[in-house]
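> Here it is, the structure in full.
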DNA sequence: TATGTTTGACAATGACGTATGTCAATATTC
DNA sequence: GAATATTGACATACGTCATTGTCAAACATA
């Protein structure tokens with residue numbers, strides 16, 4: 283016969299509402315997760331360390347996330363979201379030609395990766411090893427980047443001028459080229475200047491355009507089946 | 283006061299010498315390791331499961347390897363060694379022009395990756411997350427592939443015709459393109475025909491050549507820094 | 001001030017994996 | 001055939017970590 287414990291509710295605590303406090307804690311955990319995952323990698327990261335970094339106790343971890351993997355997914359989505367936004371912001375004002383757009387997007391990409399050392403490990407390495415579900419998430423995300431790229435390519439080169447190329451495959455190849463270059467660049471301590479890295483990748487983009495259809499690029503002889511003359 | 287226990291030695295057991303038996307066990311562990319690492323990934327693999335798969339007990343595991351990480355490194359070296367050998371074997375008899383060599387090497391690469399599902403995960407994914415030491419091993423190995431590629435590129439296009447490109451960066455980009463395409467291809471269940479994947483990557487190679495030097499006939503106006511123009 | 005709420009520090013539990021150890025069965029050498 | 005080596009199956013100790021639980025202090029409300 284009790285059940286009548288008035289159940290008061292504390293609507294605000296230290297000036298902020300319960301909902302907002304919880305959201306803040308979640309955000310702090312994501313930030314701390316990015317730090318720890320980015321520094322030691324997912325598999326060496328412990329819930330305890332993440333909580334310590336976030337200045338929260340384990341209880342609050344499980345308030346927002348079912349487990350370490352769920353936090354990783356949240357971190358990943360947060361970081362890719364940011365990156366996508368930055369790249370779109372860089373792309374929008376760029377002149378609408380292949381070289382300029384490539385350089386704008388790539389500059390943002392490589393600069394971001396260099397300026398936030400956590401990104402590479404989280405976005406390009408660990409994400410494939412966390413779990414099948416996170417792996418699928420990463421494929422979708424990488425695929426979305428490739429899709430964006432493909433759309434751009436397709437808009438520059440109409441279907442009849444693609445020389446039998448599968449722009450989907452090409453896009454995935456280019457994304458992979460960027461990923462590996464980021465890793466190589468980072469591993470070498472970012473020795474090459476940003477412009478140099480960007481330029482070389484941009485040339486990859488431009489070369490493709492030139493080879494296939496040569497819209498605004500150095501014209502190529504567009505003969506049927508006429509590829510690089512095979513020695514003979 | 284004993285010490286004189288004749289310390290007999292069993293030179294052969296079931297017909298094979300001790301050294302060879304141990305080498306066989308090591309080989310079985312490497313094979314089993316490739317299976318287990320390739321199927322579930324390094325971090326989900328346990329020493330017990332690997333031993334079970336190798337039909338050996340844990341004791342023999344530690345006879346050959348200090349820990350799981352050491353086994354992974356051995357597996358990695360074994361697999362990359364094989365792959366390198368296959369690719370070299372495919373490259374040697376190929377006509378010495380960019381397109382043909384690219385296609386020969388790439389066909390071997392993509393076919394190998396498709397035919398042995400363990401490779402992708404071990405060579406392109408897990409290797410970066412095992413430990414710092416294994417990570418360095420992977421950089422060296424990937425770097426060696428890139429180096430090989432770069433040497434080829436450099437031999438086709440002499441320095442004065444590279445349009446300010448850093449062939450080292452380009453090579454790493456191309457390696458990354460291959461890696462990501464393998465992953466994309468595998469993830470999609472190898473739907474696209476092998477020839478199609480190879481063709482699209484080969485075009486990436488050729489396009490670069492065409493863009494930089496036009497055709498593959500460098501016919502270099504043999505400037506000062508003359509190179510071996512591999513072409514007859 | 002009294003009562004219930006929110007928080008932080010930390011303990012308890014349980015699962016899991018590595019690395020080493022035990023012991024009996026089998027093979028080999030003398 | 002006796003003594004030792006080798007093997008295979010299994011057990012044990014040890015540590016780490018995820019996850020839940022306890023408790024008291026700080027805070028908010030009436």
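Residue numbers (the working numbering), protein chains in the order written: chain B, 283 to 514; chain Y, 283 to 514.
Just so it is clear, CB atoms sit at the ideal spot from N, CA and C, and this is done for glycine as well.
Put residue 509 of chain B into one of helix, strand or coil per three-state DSSP.
No answer about residue 509 of chain B holds up, because its pLDDT of 37 lies below 50 and its placement is not dependable.
> Going along the chain, which residues of the segment 325-356 of chain B sit with their C-beta nearer than 7 Å to a C-beta in chain Y?
Within the segment 325-356 of chain B, the residues whose Cβ lies closer than 7 Å to some Cβ of chain Y are 325, listed in chain order.
> Indicate the three-state DSSP secondary structure (helix, strand or coil) for residue 347 of chain Y in the structure shown.
Note: residue 347 of chain Y maps to coil in three-state DSSP.
> Check the Cβ of residue 421 of chain B against every Cβ in chain Y and list those closer than 7 Å, keeping chain order.
Ordered by position in chain Y, the residues that pass the 7 Å Cβ test against residue 421 of chain B are 469.
> Assuming residue 427 of chain B and residue 457 of chain B are in contact, meaning their beta carbons sit under 8 Å apart, how far apart are those beta carbons, in whole angstroms?
That belief holds up - the Cβ atoms of residue 427 of chain B and residue 457 of chain B are roughly 6 Å apart, short of 8 Å.
> Restricting to Cα atoms, I'd like to know which of B/365, B/307, B/381 is closest to residue 345 of chain B.
Of the listed residues, the one whose Cα sits closest to residue 345 of chain B is B/307.
> Taking DSSP as the reference, what is the three-state secondary structure of residue 298 of chain B?
Note: residue 298 of chain B maps to strand in three-state DSSP.
> Going along chain B, which residues have a C-beta under 7 Å from residue 466 of chain Y?
Here the neighbours are 454.
> Select from Y/486, Y/443, Y/354 the residue whose C-alpha is nearest the C-alpha of residue 453 of chain B.
Nearest of Y/486, Y/443, Y/354 to residue 453 of chain B, Cα basis: Y/486.
> Pick out whichever of B/374, B/320, B/441, B/475 has its Cα sitting closest to the Cα of residue 494 of chain B.
Ranking the options by Cα distance to residue 494 of chain B, first place goes to B/441.
> Contact between the segment 353-368 of chain Y and the segment 418-426 of chain Y is defined here as three or more beta-carbon pairs at a separation below 8 Å; is this criterion met?
Flag = yes, the segment 353-368 of chain Y and the segment 418-426 of chain Y touch.
> Give the secondary structure of residue 413 of chain B by DSSP, where H, G and I count as helix, E and B as strand, and everything else as coil.
Note: residue 413 of chain B maps to coil in three-state DSSP.
> Would you call the segment 469-484 of chain B and the segment 382-396 of chain B in contact, with 3 or more CB pairs under 8 Å?
Yes: the two stretches touch, three or more of their Cβ pairs being nearer than 8 Å.
> Taking only beta carbons into account, state which residues of the segment 400-429 of chain Y come closer than 7 Å to chain B, listed in chain order.
Those would be 407, 408, 410, 411, 421, in chain order.
> Quick check on the DSSP output: the alpha helix (DSSP H) that includes residue 396 of chain B runs from which residue to which?
Residues 380-397.
> At 7 Å on the CB atoms, spell out the chain B contacts of residue 483 of chain Y, in chain order.
Result: 455.
> With DSSP collapsed to three states, give me the class of residue 420 of chain Y.
Three-state DSSP puts residue 420 of chain Y in a helix.
> Do the CB positions of residue 396 of chain Y and residue 342 of chain Y come within less than 8 Å of each other?
No, they are not a contact pair.
> So if I threshold CB-CB distances at 8 Å, which residues from the segment 361-393 of chain Y count as touching chain B?
Of all residues in the segment 361-393 of chain Y, 377, 378, 379, 380, 381, 382 have a Cβ within less than 8 Å of some Cβ in chain B.
> Got a sec: is the Cβ-Cβ distance from residue 323 of chain Y to anything in chain B below 8 Å?
Residue 323 of chain Y counts as touching chain B.
> Rounded to whole angstroms, what's the CA-CA distance from residue 330 of chain B to residue 460 of chain B? Just pull it up for me.
C-alpha separation (whole angstroms): 34 Å.
> So, does the CB of residue 461 of chain B fall closer than 8 Å to a CB anywhere in chain Y?
Closer than 8 Å: yes.
> Based on Cα-Cα distance, which residue from Y/434, Y/304, Y/419, Y/352 lies nearest to residue 377 of chain Y?
Taking only the C-alpha atoms, the option nearest residue 377 of chain Y is Y/434.
> I'd like the list of long-range same chain contacts for residue 293 of chain B, defined as Cβ closer than 8 Å, with 5 residues on each side in sequence excluded.
299, 300, listed in sequence order.
> Could you check which residue in Y/355, Y/447, Y/462, Y/302 has the C-alpha nearest to that of residue 474 of chain B?
Ranking Y/355, Y/447, Y/462, Y/302 by Cα distance to residue 474 of chain B puts Y/447 first.
> Among residues of its own chain, excluding the 5 on either side of residue 476 of chain Y, which ones have a beta-carbon nearer than 8 Å to its beta-carbon?
Hits under 8 Å: 389, 392, 393, 396.
> Keeping to the same chain, check which residues put their C-beta closer than 8 Å to that of residue 297 of chain Y; ignore five residues upstream and five downstream.
Nothing meets the Cβ criterion.
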